[in-house]
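*Asks:*
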Amino acid sequence: MIPVISKLPQTGTTIFTTMSALAAEYGAINLSQGFPDYSCSPQLIELVNKAMQDGHNQYAPMAGVMALREQVAIKTEKLYGAQYNPETEITITAGGTQAVFTAISAVIHPNDEVIIFEPAYDCYAPAIKLMGGVVKSLELEPPDYRIAWDMVKRLINNKTKMIILNSPHNPTATILSKEDIDELSALVKNQDILILSDEVYEHLVFDNQEHHSMARYPELQQRSMIVASFGKTFHATGWKMGYCLAPAYLMQEFRKIHQFLVFSVNTPLQHAIAEYLKDENTYLNLPEFFQDKRDHFRKGLEQSRFSLLPCSGSYFQSVTYDAITDEKDTDFAIRLTKEIGVAAIPVSAFYRKGTDRHVLRFCFAKMQETLDKAVDRLIKV
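Numbering-wise, the sequence shown is residues 172 to 552 according to my numbering.
#1: Would you call the segment 534-550 and the segment 215-233 in contact, with 3 or more CB pairs under 8 Å?
#2: Tell me, please, which residues DSSP counts as bridged to Gly-413.
#3: Of all the beta strand (DSSP E) runs that stay within the bounds of the segment 305-360, which reach a length of 3 or more residues?
#4: Within the same chain, show all residues whose beta-carbon is closer than 7 Å to that of Thr-247, passing over the 5 residues directly before and after it, in chain order.
#5: Which same chain residues end up closer than 6 Å to Ser-435 when comparing Cβ atoms and leaving out the 5 residues on each side of it in sequence?
#6: Could you tell me which residues DSSP puts in a beta bridge with Gly-484?
#7: Using a threshold of 8 Å, state whether the C-beta atoms of Asp-369 and Val-323 are closer than that.
#8: Please work out which residues of its chain come closer than 8 Å, Cβ to Cβ, to Cys-457, disregarding the five sequence neighbours upstream and downstream, and give them in chain order.
#9: Can you name the residues that DSSP bridges to Glu-289?
#10: Can you give the Cα-Cα distance for His-280 and Phe-272, rounded to whole angstroms?
#11: Considering only C-alpha positions, which residue in the set Met-302, Glu-312, Asn-341 is nearest to Lys-332?
#12: Kindly indicate which residue of Phe-487, Arg-548, Phe-521 has the alpha-carbon position closest to the one of Ala-536.
#13: I'd like the list of long-range same chain contacts for Ala-265, defined as Cβ closer than 6 Å, with 5 residues on each side in sequence excluded.
#14: Determine the direct distance from the alpha carbon of Ile-495 to that of Leu-472, and round the result to whole angstroms.
#15: State the start and end residues of the unbroken beta strand (DSSP E) segment that holds Val-371.
#16: In chain order, what residues of the same chain have a beta carbon less than 8 Å from the beta carbon of Ser-356, not counting five sequence neighbours either side?
#17: Helix, strand or coil for Asn-220 per DSSP?
#18: How many angstroms separate the CA atom of Thr-182 from the CA atom of Ala-298?
#19: Output yes or no for whether 8 Å exceeds the beta carbon distance between Phe-425 and Ala-277.
#20: DSSP on Leu-179, reduced to helix/strand/coil?
#21: Mind pulling the alpha helix (DSSP H) runs of 4 or more residues that sit fully within the segment 449-504?
#22: Assign Lys-449 to buried or exposed, taking buried as 16 or more other Cβ atoms, counted over all protein chains shown, within 10 Å of its Cβ.
#23: Tell me, please, which residues DSSP counts as bridged to Asn-256.
#24: For Arg-426, report the span of its alpha helix (DSSP H) as first-last.
#25: Using the Cβ count rule (16 or more neighbours within 10 Å means buried), how would you classify Ser-177?
#26: So, for Phe-377: in the same chain, excluding its five sequence neighbours on each side, which residues have a beta-carbon less than 8 Å away from its beta-carbon?
#27: Please classify Arg-523: does DSSP put it in a helix, a strand, or coil?
#28: Between the Cα of Asp-321 and those of Gln-204, Asp-351, Pro-342, Gln-242, spot the shortest distance and give me the residue it belongs to.
#29: If we ignore side chains and look at the alpha-carbon of each, how far apart do Pro-174 and Phe-477 end up?
#30: Do the CB positions of Ala-520 and Ile-200 come within less than 8 Å of each other?
#31: Where does Asn-329 land, buried or exposed, given buried means 16+ other C-beta within 10 angstroms?
#32: Do Leu-336 and Leu-326 have their C-beta atoms within less than 8 Å of each other?
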């Protein structure tokens, strides 16, 4: 055996893979991994089939099919008042995770420091480390997981290259407020700090609240790479389709990496989504659709001994379980899967240090029947 020095020696199989496999093994209801158990739009599937029949089966342009980039530009201006040039400032990617990795790869050099907020989606820190960057994490605390901007200010120095934000947030379901935007704007003013904004749940904001995209604020837009996901938006996570928005000077660097990472992404899907996006209701109706699921799931869980944490966006509901057990969240999640038949994600997996605050994350992007079955089991715990 040839010795190999691992670039990520502390990294194993992701918690999402682990819990989904455990759910399958024990026949549990899988509320762990973030994917729907219902189909995407039949119209969208028909459009994909039509694109294939029409011969759109070869390489797409490296940056993406122009018709789709144009629809993304129209959608972004309509929602946030921001103009992006489809030719130079929009790139179609193989999902949000690829876009995040590409963005970090494009601008982070050895010893550059990147600020992240934990609990954090698990792809951020490994990508930073692979580029030789230094992860500077700030731990947020339940129940509100608000960012303490005075603490962020203390982390900033002349090595700080980037701040990674995620709103709506996975796993905590929090969203950035206008006060957060004001604090962030003041913090980065006159600083050479880039922003990577993970906005894959941009259309899943509840209770008539507003999504504060970096695209909405010109002073932030000019230093931001924004990541979005068609898979999350259109209930088709397996398609791995997303995009990145960035000013031309940043997108130029992004595409240098993108072209050697995947070159281009699924051609017929791009043509289909471009056509599908022409109807704005395909995304404008999503908040109501998911809020109904959130409310139904929360109402059911109120009968249980779990304590509900706030849920302002995304399709995740976090709970604490101090009234039930003092077990580690990983142990409790495994026992819940094996003995109760419901799989969740232990939120300690979203902290590099494995910080355990006895919080589990459930995904409610499921059919009502699935949620009802899960609740019936959870109220017995």
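Cβ atoms here follow ideal geometry from the backbone N, Cα and C, with glycine treated the same way.
*Replies:* The structure says:
#1: no
#2: Thr-264, Ser-400
#3: 305-310, 331-337
#4: The beta carbon of Thr-247 lies closer than 7 Å to those of Ala-253, Tyr-255, Ala-386, Leu-416 in the same chain, with the five residues before and after it left out.
#5: Tyr-230, Ala-231, Met-233
#6: Val-376
#7: no
#8: According to the sequence displayed, residue 457 carries Leu and not Cys. Same-chain partners within the cutoff: His-374, Leu-375, Thr-404.
#9: Beta-bridge pairing links Glu-289 to Glu-310.
#10: 13 Å
#11: Met-302
#12: Of the listed residues, the one whose Cα sits closest to Ala-536 is Phe-487.
#13: Lys-411, Val-433, Val-436
#14: In a straight line, the C-alpha of Leu-472 is about 14 Å away from that of Ile-495.
#15: Run containing Val-371: none; DSSP gives neither H nor E here.
#16: Tyr-388, Glu-390, Leu-391
#17: helix
#18: 12 Å
#19: yes
#20: coil
#21: 452-455, 457-472
#22: exposed
#23: Answer by DSSP bridge pairing: none, since Asn-256 is not bridged.
#24: 419-432
#25: exposed
#26: Pro-458, Phe-461, Gln-462, Arg-465, Cys-482, Ser-483, Gly-484
#27: coil
#28: Asp-351
#29: Looking at the two C-alpha atoms, the distance is approximately 47 Å.
#30: Against a cut-off of 8 Å, the Cβ pair of Ile-200 and Ala-520 comes out as no contact.
#31: exposed
#32: no
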